[in-house]
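For reference, the structure discussed in these notes is given below.
Residue numbers (full-length UniProt numbering): 1 to 457.
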């Protein structure tokens, strides 16, 4: 009895503990039931995008599924219908640009489409409005978020495809030709890469000034297609310095160079007094499929340096133009917007028009890049997310295929069976030899006994 009385206080002490545990577990169970009853969270929506997985060759360019973006403050979300391929995209792929983003990232710096969402603080764009955009990256996707300052509203009579074909080319051509080089009537112009998208835009804009002489340098295969845009065409790879001297012994007023490296010195040597040399690209840097930053720096260092005193003595000007860098700053973006308005007016008045080489699916971007790298395009290369990729040729079966492996196994098994049969045959013949030897043994004994009897006698 006393023992039972001692246990009662212990039981009374345990009761509050168990009650507390029950009270703690009840909310947890209720929360679990609520989670089970609640509908499962939907997976994030995805889009197709052209992703650079690593700096280097074409194999690093992949079409992948990525989460759909949401616009931040000052941004708009655009449903992309067409994209433009530019030479700076090739340089970005190789990492031959300043401060590239870390891989993987979405490529592309030009696209056109429709606004589907507007971020906070954006007042100059509305949902449903058509725009052309010039983001630094991420344009080659089904959806892209773009700072509103890098988007431009499209007139009703301009299609999205035309916008993607002409926006960056025409804007860059207008600014470098009129605002940097200051083209005026009666001047002569030497233009490299004359058959590309920006080269043809420059040629069209230059015709807005009277008596301008245009000398273009392009691959021989492009001459027939672009001959109406130029007064003189020179073959790429020729000694264009001597050829220009034949056309204009005193040289030219403007040299527009997108090549860089050794062509800087050649171009400068062709300038007349008061002439201007404008560098707006460096496509010579992209000579192979891959290029490192150090090889780019080494190539640039090998370019002859021009002394400011020489410019002073010879009355010549060297200038540069980089639209990508200009668009990074609000002031530069505003300057570009004012120039784009003038480009749109020329566009609407049919003074300039886009020249499209071909259209490509997102999955075919590596092939399109190779076309541009080889300078085979005449005009703009367009990417269209709605296009189906080109059918791939069937790859032949490799030597290590399953069928060939099974055939090899069958042959090996047959060889093993033959090897097993040979020892068996050898075993039978040995048994016969033993039997013959056993028969010979008694005969040999009899002969020995006869010989012994003769000896005794």
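Backbone N, C-alpha and C fix where the C-beta goes; we use that ideal spot for every residue, glycine too. These numbers come from a predicted model, not from an experiment.
query                                                                                                                             : result
Coil, strand or helix - residue 94 by DSSP                                                                                        : helix
Three CB pairs or more closer than 8 Å across the region 109-125 and the region 66-73                                             : yes
Spatially closest choice to residue 256 from 138, 270, 126, 372, by CA coordinates                                                : 270
Own chain partners of residue 273 with C-beta closer than 8 Å, once the 5 adjacent residues on each side are dropped              : 314, 315, 316
Residue ranges of each alpha helix (DSSP H) within the region 205-261, 4 or longer                                                : 223-226, 240-247
For residue 357, the first and last residue of its enclosing beta strand (DSSP E)                                                 : 356-360
Residue range of the alpha helix (DSSP H) that includes residue 308                                                               : 308-314
Inter-residue Cα distance where the pair is residue 352 and residue 42                                                            : 48 Å
The region 199-206 touching the region 235-246, judged by at least three CB pairs closer than 8 Å                                 : no
Same chain only: Cβ atoms within 6 Å of residue 116, ignoring 5 sequence neighbours per side                                      : 77, 79
Sequence-distant residues of its chain with Cβ nearer than 6 Å to residue 180 (five each side left out)                           : 278, 319, 321
Status (buried if at least 16 other CB within 10 Å, exposed otherwise) for residue 88                                             : buried
Bridge-paired residues (DSSP) for residue 131                                                                                     : 113, 153
Reduced DSSP secondary structure (H/G/I, E/B, other) of residue 87                                                                : helix
Backbone secondary structure at residue 101 - three-state DSSP                                                                    : coil
Per-residue DSSP class, three states only, for residue 325                                                                        : helix
Identity of the residue in 55, 360, 250 nearest residue 102 by Cα                                                                 : 55
Rounded separation between residue 161 and residue 307 - CA only                                                                  : 45 Å
Alpha-carbon spacing of residue 388 relative to residue 362, whole angstroms                                                      : 8 Å
Assigned exposure category for residue 59 - 16 Cβ within 10 Å defines buried                                                      : exposed
Cβ-Cβ distance between residue 385 and residue 142 below 9 Å                                                                      : yes
First through last residue of the alpha helix (DSSP H) which encompasses residue 337                                              : 330-348
Residue 367 in three-state terms, based on DSSP                                                                                   : helix
Straight-line Cα distance separating residue 177 from residue 374                                                                 : 26 Å
Expected contact under 8 Å - CB spacing of residue 191 and residue 214 to nearest Å                                               : 7 Å
Start-to-end residues for the alpha helix (DSSP H) that takes in residue 47                                                       : First-last for residue 47: 46-52, but that is the beta strand (DSSP E), not the alpha helix (DSSP H).
Between the CA atoms of residue 137 and residue 325 - distance to the nearest angstrom                                            : 13 Å
7 Å CB neighbourhood of residue 247 in its chain, flanking five on each side removed                                              : 215, 232
CA-to-CA distance, residue 340 to residue 131, given in whole angstroms                                                           : 12 Å
Range covered by the alpha helix (DSSP H) that runs through residue 163                                                           : 160-174
Chain-order list of residues whose beta-carbon lies under 7 Å from that of residue 241 (same chain, five-residue window excluded) : 266, 269, 270
Residue 380 and residue 112 closer than 9 Å at C-beta                                                                             : no
Where residue 182 sits in the DSSP three-state scheme                                                                             : coil
CB contact flag (residue 51, residue 104, <9 Å)                                                                                   : yes
Proximity of residue 200 and residue 229 at Cβ, strictly below 9 Å                                                                : yes
Assigned secondary structure, residue 139 (DSSP; H/G/I helix, E/B strand, else coil)                                              : coil
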